[in-house]
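Chains as they are written, first to last, in the working numbering: chain A, 2 to 653; chain B, 723 to 925; chain C, 77 to 413.
Quick reminder that beta carbons are idealized off the backbone N, C-alpha and C, glycines included.
Following: one structure in structure tokens, then a few remarks.
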Amino acid sequence: MSLGAVPEAVPESWGPEPPDSDLDDLDVKARRELEATWRSPSGLLGWLTETSHTALGKRYIVTAFVFFALGGIEALLMRLQLARPENTVLGADLYNQVFTMHGSTMMFLFAVPVMLGMGLYLVPLMIGTRNLAFPRLNAYSYYAYLLGGLLLYGAFFLNVGPDAGWFAYVPLAGPDYSPGKRVDVWAQMITFTELSSLAAAVNLITTIFKHRAPGMSLNRIPLFVWSILVTSFMVVFAMPAVMSSSLFLALDRLVDTHFFNPAEGGDAILWQHLFWFFGHPEVYIIFLPATGMVSAIIVAFTRRPAFGYTALVLSLVATAFIGFGLWVHHMFATGLPQLGQSFFTAASIMIVVPSGTQIFCWLATLWGGRVRFKTPLLYVLGFIAIFVLGGLTGVMLAAVPLDLQVHDTFFVVAHFHYVLIGGAVFPLLGGITFWFPKMTGRLMSERLGKLGFGLVFLGFNLTFFPMHQLGLEGMPRRVYTYLPETGWGDLNLLATVGAGILGLGVLVFVLNALWSLRFGEVAGGDPWGADGLEWSTASPPAPYNFFHLPTVRGRYARWVQDEDQPVVVGLRTDRREVLVTRTLDAEPDHRDILPGPSGWPLALALTTGVTFIGGIFTPWALPWGVLLTGLALIGWFWPQTDMGRTVLKEKS
Amino acid sequence: MKRPPQLDVSELPTVVFGSRTTLWWGVTGLITIEGTVFAIVAATYFYLRGGAVEWPPPGVSQPPLALTTAFLAVLLASLAPMHWTNKAALRGDLRGIQIWLAVTTVLGAACLVMRGFEFSLLSYEWRSHAYGSVVWTILSLHTLHLLTSIGENVLFLVLLAKGPVEDKHLLDVTVNGLYWFFVVAAWVPFYFILYMDPGLFRP
Amino acid sequence: MSALTALALFIGRIGRHSALQPAGPPAERINGLWWLMFWCLTGVFILVLGALALALVSSHRRRLREPATPPAGATDPATERRMTRAVGGAIGLTVILLFVLLVASIATGRSISPLSAPKDALEVEVVGHQWWWQFEYADPDPSRIVSTANELHIPVGRAVKLRLTSRDVIHSFWVPNLNGKMDLIPGRNADTWIQADRPGVYRGQCAEFCGHQHAHMALEVIADPPERFDAWLAAQRQAAPLPASPLAQRGQQVFLSSSCPLCHAVQGTTAGSGVGPDLTHVASRRTLAAGTLPNNRGNLAGWILDPQSIKPGNRMPPTALSPADLEALLAYLESLR
Ligand code: HEA
Ligand code: HEA
Ligand code: CUA
Ligand SMILES: [Cu+2]
Numbered sequence: 002m003s004l005g006a007v008p009e010a011v012p013e014s015w016g017p018e019p020p021d022s023d024l025d026d027l028d029v030k031a032r033r034e035l036e037a038t039w040r041s042p043s044g045l046l047g048w049l050t051e052t053s054h055t056a057l058g059k060r061y062i063v064t065a066f067v068f069f070a071l072g073g074i075e076a077l078l079m080r081l082q083l084a085r086p087e088n089t090v091l092g093a094d095l096y097n098q099v100f101t102m103h104g105s106t107m108m109f110l111f112a113v114p115v116m117l118g119m120g121l122y123l124v125p126l127m128i129g130t131r132n133l134a135f136p137r138l139n140a141y142s143y144y145a146y147l148l149g150g151l152l153l154y155g156a157f158f159l160n161v162g163p164d165a166g167w168f169a170y171v172p173l174a175g176p177d178y179s180p181g182k183r184v185d186v187w188a189q190m191i192t193f194t195e196l197s198s199l200a201a202a203v204n205l206i207t208t209i210f211k212h213r214a215p216g217m218s219l220n221r222i223p224l225f226v227w228s229i230l231v232t233s234f235m236v237v238f239a240m241p242a243v244m245s246s247s248l249f250l251a252l253d254r255l256v257d258t259h260f261f262n263p264a265e266g267g268d269a270i271l272w273q274h275l276f277w278f279f280g281h282p283e284v285y286i287i288f289l290p291a292t293g294m295v296s297a298i299i300v301a302f303t304r305r306p307a308f309g310y311t312a313l314v315l316s317l318v319a320t321a322f323i324g325f326g327l328w329v330h331h332m333f334a335t336g337l338p339q340l341g342q343s344f345f346t347a348a349s350i351m352i353v354v355p356s357g358t359q360i361f362c363w364l365a366t367l368w369g370g371r372v373r374f375k376t377p378l379l380y381v382l383g384f385i386a387i388f389v390l391g392g393l394t395g396v397m398l399a400a401v402p403l404d405l406q407v408h409d410t411f412f413v414v415a416h417f418h419y420v421l422i423g424g425a426v427f428p429l430l431g432g433i434t435f436w437f438p439k440m441t442g443r444l445m446s447e448r449l450g451k452l453g454f455g456l457v458f459l460g461f462n463l464t465f466f467p468m469h470q471l472g473l474e475g476m477p478r479r480v481y482t483y484l485p486e487t488g489w490g491d492l493n494l495l496a497t498v499g500a501g502i503l504g505l506g507v508l509v510f511v512l513n514a515l516w517s518l519r520f521g522e523v524a525g526g527d528p529w530g531a532d533g534l535e536w537s538t539a540s541p542p543a544p545y546n547f548f549h550l551p552t553v554r555g556r557y558a559r560w561v562q563d564e565d566q567p568v569v570v571g572l573r574t575d576r577r578e579v580l581v582t583r584t585l586d587a588e589p590d591h592r593d594i595l596p597g598p599s600g601w602p603l604a605l606a607l608t609t610g611v612t613f614i615g616g617i618f619t620p621w622a623l624p625w626g627v628l629l630t631g632l633a634l635i636g637w638f639w640p641q642t643d644m645g646r647t648v649l650k651e652k653s
Numbered sequence: 723m724k725r726p727p728q729l730d731v732s733e734l735p736t737v738v739f740g741s742r743t744t745l746w747w748g749v750t751g752l753i754t755i756e757g758t759v760f761a762i763v764a765a766t767y768f769y770l771r772g773g774a775v776e777w778p779p780p781g782v783s784q785p786p787l788a789l790t791t792a793f794l795a796v797l798l799a800s801l802a803p804m805h806w807t808n809k810a811a812l813r814g815d816l817r818g819i820q821i822w823l824a825v826t827t828v829l830g831a832a833c834l835v836m837r838g839f840e841f842s843l844l845s846y847e848w849r850s851h852a853y854g855s856v857v858w859t860i861l862s863l864h865t866l867h868l869l870t871s872i873g874e875n876v877l878f879l880v881l882l883a884k885g886p887v888e889d890k891h892l893l894d895v896t897v898n899g900l901y902w903f904f905v906v907a908a909w910v911p912f913y914f915i916l917y918m919d920p921g922l923f924r925p
Numbered sequence: 077m078s079a080l081t082a083l084a085l086f087i088g089r090i091g092r093h094s095a096l097q098p099a100g101p102p103a104e105r106i107n108g109l110w111w112l113m114f115w116c117l118t119g120v121f122i123l124v125l126g127a128l129a130l131a132l133v134s135s136h137r138r139r140l141r142e143p144a145t146p147p148a149g150a151t152d153p154a155t156e157r158r159m160t161r162a163v164g165g166a167i168g169l170t171v172i173l174l175f176v177l178l179v180a181s182i183a184t185g186r187s188i189s190p191l192s193a194p195k196d197a198l199e200v201e202v203v204g205h206q207w208w209w210q211f212e213y214a215d216p217d218p219s220r221i222v223s224t225a226n227e228l229h230i231p232v233g234r235a236v237k238l239r240l241t242s243r244d245v246i247h248s249f250w251v252p253n254l255n256g257k258m259d260l261i262p263g264r265n266a267d268t269w270i271q272a273d274r275p276g277v278y279r280g281q282c283a284e285f286c287g288h289q290h291a292h293m294a295l296e297v298i299a300d301p302p303e304r305f306d307a308w309l310a311a312q313r314q315a316a317p318l319p320a321s322p323l324a325q326r327g328q329q330v331f332l333s334s335s336c337p338l339c340h341a342v343q344g345t346t347a348g349s350g351v352g353p354d355l356t357h358v359a360s361r362r363t364l365a366a367g368t369l370p371n372n373r374g375n376l377a378g379w380i381l382d383p384q385s386i387k388p389g390n391r392m393p394p395t396a397l398s399p400a401d402l403e404a405l406l407a408y409l410e411s412l413r
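Following this line, the structure appears as structure tokens:
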């Protein structure tokens with residue numbers, strides 16, 4: 002297999018993890034100690050108290066893929082139901098649950114967590130540190146996410162699956178028209194996943210600002226890390242909106258408040274404003290990390306710097322800013338005043354400029370590089386074709402008159418699958434293929450990879466391209482069936498066939514991953530000759546990531562090396578010490594001591610679980626849950642005094 | 723093998739203060755999130771108000787302005803001892819921390835008592851109308867924050883009394899102070915929105 | 077490119093019930109905007125894919141031409157300068173094109189807005205219900221207001237202003253050949269307008285998810301020449317005719333003594349509830365249950381006996397009737413022309 006030679010500019014000393022024989026005795030001893038300090042305990046207890054970002058990151062990604070498979074199976078069920086007019090695979094009640102589950106799963110339990118999971122796994126490796134800034138918070142994020150998912154699916158299998166759509170418009174989702182617990186389950190699932198994303202976002206922001214390797218000033222941060230940073234800021238400002246609105250919804254449903262009840266001074270459109278103030282940024286929260294992956298892959302497979310680093314970073318920032326000013330484009334059909342609508346059309350059109358800039362910069366990078374057609378790059382090429390088409394239909398939707406025609410039809414369904422799957426899932430599959438050797442130590446099979454890509458690309462277009470036409474022909478979304486006279490049957494059948502091929506492609510991808518886990522070619526530290534610091538670690542990385550923390554002299558850390566470039570020494574190996582650097586220039590500032598394995602994150606997640614899940618059934622769960630949560634927090638923050646810190650006052 | 727050149731960081735401190743620390747960034751992140759929640763609740767208030775025929779709805783009477791203003795005054799007054807707590811922490815003065823943190827906590831507890839009266843004097847419930855819903859939510863949300871912060875202060879007082887106290891705790895104390903400042907500041911706009919509104923913000 | 081071949085295939089088959097078969101001014105304006113956007117953006121798409129292909133070829137050639145791998149990360153200043161110009165130019169063109177599209181969009185938006193509807197428009201109130209449509213033809217004299225369901229009759233060539241609201245959840249009124257959609261929101265009113273320039277039947281369907289039977293909430297707009305429309309309206313203003321045959325008379329008793337009047341109205345009788353569709357002229361309508369079934373005797377019988385198996389979850393309970401009662405009831409309902 003030819004993977005291209007290891008770039009000459011990388012000095013041998015930068016090879017990941019020199020063998021013991023290359024080190025002197027002192028270093029060997031230090032490394033043993035480092036290993037013992039950072040290793041997670043084994044066994045079930047070790048699993049439950051895990052705080053390592055690589056372990057938790059992998060857990061995040063695997064869990065998200067399980068939810069992707071579940072969401073995908075739901076998608077196939079919907080496609081079967083819609084394949085023929087008046088089909089009876091799923092009845093109305095089940096279909097409504099299934100599309101709600103599909104949308105909610107894909108958005109809240111797959112797309113956002115998988116992107117954050119990639120960030121949580123990769124960021125510390127890419128910026129050259131040993132763990133995230135808040136290792137226990139990371140564990141909490143994971144458990145909160147898992148609980149949210151278990152709640153949703155537990156309820157679904159008990160036939161209490163939510164059925165009001167992934168944006169649960171009131172009054173349909175309110176107490177009068179959705180009695181029972183279905184929507185409550187949805188609202189609490191939202192609370193869990195938002196808590197989890199918020200915690201992850203704060204963790205990532207802090208890590209990126211404070212834990213970068215010396216020399217990695219802001220203008221040298223890898224593009225993927227930039228995308229995660231910007232995304233995390235979007236999470237911080239967007240998620241509170243949906244947390245508040247789902248709180249209001251829960252209150253309306255459980256204790257008879259009237260936020261959304263027009264009869265008592267509430268307002269149904271308020272929900273839409275709050276939801277989309279989150280919901281629109283949400284789609285960029287999914288998309289921006291994917292653009293980071295695209296940049297990383299293109300740079301690695303063209304073996305040249307990204308064209309327009311600054312433009313790419315500014316595009317991310319601009320997208321994030323403008324992204325908060327578009328939400329009303331989901332509400333054009335509510336009949337808001339014209340002037341306001343024109344403003345949101347203009348904003349939606351403005352956001353094309355940063356997206357276009359990104360596309361143009363990537364095209365230029367490809368043009369000026371030496372491209373190697375490996376599977377990850379193929380996914381990127383697929384991304385460009387599909388995402389651009391989806392973006393262009395987005396421009397059509399941004400025009401109010403056109404949107405009034407195709408809003409809430411399969412045209413919109415086509416648009417958002419083009420941007421979500423083309424814009425996020427394609428880069429993700431490419432990214433997984435790209436970083437798989439880092440995570441597991443083995444490469445994925447190229448042949449299966451290309452086969453999977455071909456099936457996914459073909460199946461995707463067959464599934465979703467016809468939906469544009471269906472929408473124009475008047476097929477609304479979220480219909481569990483349609484009459485033969487409508488003439489929608491043939492294209493729906495085509496879409497269903499496409500979905501089968503797409504599913505097969507995903508299956509090939511998953512099987513490839515499983516097969517390669519055992520039988521893939523052994524990767525070594527840097528199988529692609531890539532630029533990022535993550536490739537300077539062993540594959541999979543040692544528990545401490547880097548034996549000596551690296552320093553950085555340029556944007557493409559492994560490609561820009563000086564002979565005299567130092568490594569960091571002097572961090573203690575007998576406790577979890579990490580280097581904290583300055584926010585702007587990443588000069589060494591101080592040392593921090595990170596906490597080790599802990600059971601409190603799980604405990605806290607369980608007590609929040611009692612609060613939120615219990616709250617669906619009885620208001621008494623709230624005081625009890627808050628009390629328990631308080632206790633868990635006290636346990637969490639109870640000082641650990643075995644770190645060898647300076648004692649100011651002895652125990653009295 | 724040749725040893726690479728080295729950048730020795732063993733002399734760097736392990737305890738520093740302010741925005742140099744990750745803890746500060748973490749808590750600032752939390753404050754930003756919660757501040758956004760408060761902002762969204764305020765936006766909700768104004769949105770509902772904009773759609774209402776009469777706001778507040780007929781029959782609504784507020785707790786006396788004397789009470790709500792006293793609440794605000796005591797809450798604001800607690801900023802001073804918390805500031806001195808921080809100063810003491812920067813000096814490494816454990817006694818000072820204990821004294822001023824205790825004063826802050828007492829003032830906070832006084833606020834909590836007044837808040838209890840505030841609740842009991844509302845002439846409507848959360849289920850009376852949308853106005854009631856949003857006001858009760860605002861008050862409850864803030865009270866929950868107040869409770870949590872007071873709980874944190876008490877926890878610190880206990881830990882400081884009990885020992886052992888390490889240098890890192892000084893940083894923890896200052897960051898706890900930061901959060902207290904937020905809880906106090908968050909109330910100021912709501913005082914005006916809820917209790918001065920009919921006079922100040924009528925369009 | 078599979079997408080492009082597919083595209084060519086689809087343009088050929090644009091169905092009767094389609095946003096791209098406009099039958100009136102608003103839909104026509106939108107159709108114009110659609111084709112403007114379609115051609116501009118298809119052009120953009122082809123250009124991007126073309127640039128991608130060129131980029132790959134150039135990149136691949138460079139790799140073949142210079143087999144000795146230079147250090148990774150190296151760039152050539154001349155190439156970078158050319159790329160800067162190309163990218164800058166592309167961004168500039170993007171901004172210009174976007175501006176054009178924005179202006180076109182706003183102009184079209186103005187021309188379809190309810191404010192620009194002709195002044196002599198007919199006014200109809202549309203009320204959404206789970207899962208059927210209520211149409212009320214305004215009249216200064218309340219006794220002359222006509223209320224019908226799921227079938228909107230309009231005169232050809234005259235604008236019709238629709239005032240939209242809902243009694244329960246949010247629905248959305250959409251007849252693609254006539255105009256874009258507009259939501260029906262409880263507690264609010266929204267306006268839109270339609271106009272049909274050719275007689276015909278235009279199908280529409282509720283577009284906002286509104287619960288169980290969102291899929292079966294269709295409507296038909298029937299555009300007739302003005303005289304026929306006037307005749308229809310005059311007929312609808314009449315109260316229900318008294319049942320003529322003995323069978324139909326018995327049917328009326330069955331109707332009034334069973335649970336039907338709890339939800340339905342028949343003008344001229346004691347049945348006056350507005351929960352379900354007004355049945356005064358039910359036999360004149362083309363479909364049953366909001367476009368779910370053609371309106372004929374068999375379907376009507378099936379619907380009355382067991383609506384839940386036809387449209388599961390809908391608000392109408394089954395009615396148990398003896399065969400003789402059913403026969404009579406059907407005769408009565410069929411007399412309500
Ligand atoms: C990854 C997710 C993602 C992304 C990136 C986007 C990107 C965009 N989206 Fe999309 N959108 C969704 C996910 C996404 N969307 C989802 C999930 C929904 C539906 C939710 C639901 O209802 O369930 C939705 C719905 C949606 C609507 C509402 C439709 C409706 O319900 O009626 C609108 C309307 O304006 C819209 C617009 C846009 C625009 C203008 C962009 C732009 O950002 C696109 C910009 C990109 C390009 C245009 C391509 C690249 C640019 C060039 C190559 C330059 C040259 C181009 C030109 C000159 C035009 N989107
Ligand atoms: C990232 C988000 C995302 C993704 C990836 C997808 C993926 C898919 N979606 Fe989804 N979709 C949404 C987000 C997404 N969707 C949203 C937000 C909605 C709106 C919901 C609403 O209206 O409320 C929606 C709605 C929606 C509809 C419209 C329903 C309606 O309005 O009535 C349809 C219909 O065809 C559909 C189809 C599909 C298909 C065929 C896929 C395919 O790509 C799926 C492919 C994947 C598979 C087929 C899985 C394969 C798995 C295996 C083979 C098992 C592997 C085994 C192990 C791992 C052990 N989706
Ligand atoms: Cu009414 Cu959908
Ligand atoms: Cu959007």
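Run down chain B in chain order and give the residues with a C-beta less than 8 Å from the C-beta of A/Q652.
Along the first sequence, read from residue 1 onward, the residue named residue 652 of chain A stands at position 651. The sequence shown places Lys at residue 652 of chain A, not Gln. Here the neighbours are K884, G885, P886.
By the three-class DSSP mapping on this structure, what secondary structure does A/S179 have?
For the purposes of this step, residue 179 of chain A is taken as the residue at position 178 of the first sequence. Reduced to three states, the DSSP call for A/S179 is coil.
Any C-beta of chain B within less than 8 Å: which residues of the segment 261 to 273 of chain A qualify?
Taking 8 Å as the Cβ-Cβ cut-off against chain B, the residues of the segment 261 to 273 of chain A that qualify are N262, E265, G266, G267, D268, L271.
Exposed or buried, B/L729, counting other C-beta atoms within 10 Å across all chains shown (16 or more means buried)?
Position 7 of the second sequence, counted from the start, is the residue given in the question as residue 729 of chain B. So B/L729 counts as buried.
Have a look at A/D563 and A/L367 and give me their C-alpha separation to the nearest angstrom.
Counted from its first residue, the first sequence places residue 563 of chain A at position 562. Counted from its first residue, the first sequence places residue 367 of chain A at position 366. Roughly 27 Å separates the two Cα atoms.
Considering only residues of the same chain and omitting the five flanking positions on each side of A/T612, which have a CB-CB separation below 7 Å?
Here residue 612 of chain A refers to the residue found at position 611 when the first sequence is read from its first residue. For A/T612, where only same-chain residues beyond five positions count, the Cβ hits under 7 Å are A622, L623, G626, V627, T630.
Any chance the segment 24 to 39 of chain A sits against the segment 520 to 533 of chain A, with 3 or more Cβ pairs inside 8 Å?
Short answer: they don't touch.
To the nearest angstrom, how far is it from the Cα of A/T582 to the Cα of A/I287?
Residue 582 of chain A sits at position 581 when you count from the first residue of the first sequence. Residue 287 of chain A sits at position 286 when you count from the first residue of the first sequence. Rounded to the nearest angstrom, the two C-alpha atoms are 29 Å apart.
Under 8 Å, Cβ to Cβ, is there at least one residue of chain F near A/Y380?
Reference to chain F is not applicable here, since the protein chains of this structure are A, B and C.
Compare the C-alpha of A/E504 against each of A/F461, A/M644, A/V389, A/F345 and name the closest.
By 1-based counting over the first sequence, the position of residue 504 of chain A is 503. In the sequence under discussion, the amino acid at residue 504 of chain A is Gly, which differs from the Glu named in the question. The shortest Cα separation from A/G504 among A/F461, A/M644, A/V389, A/F345 belongs to A/F461.
DSSP three-state label for C/L240, please.
For this step, residue 240 of chain C is matched to residue 164 along the third sequence. Strand, per DSSP.
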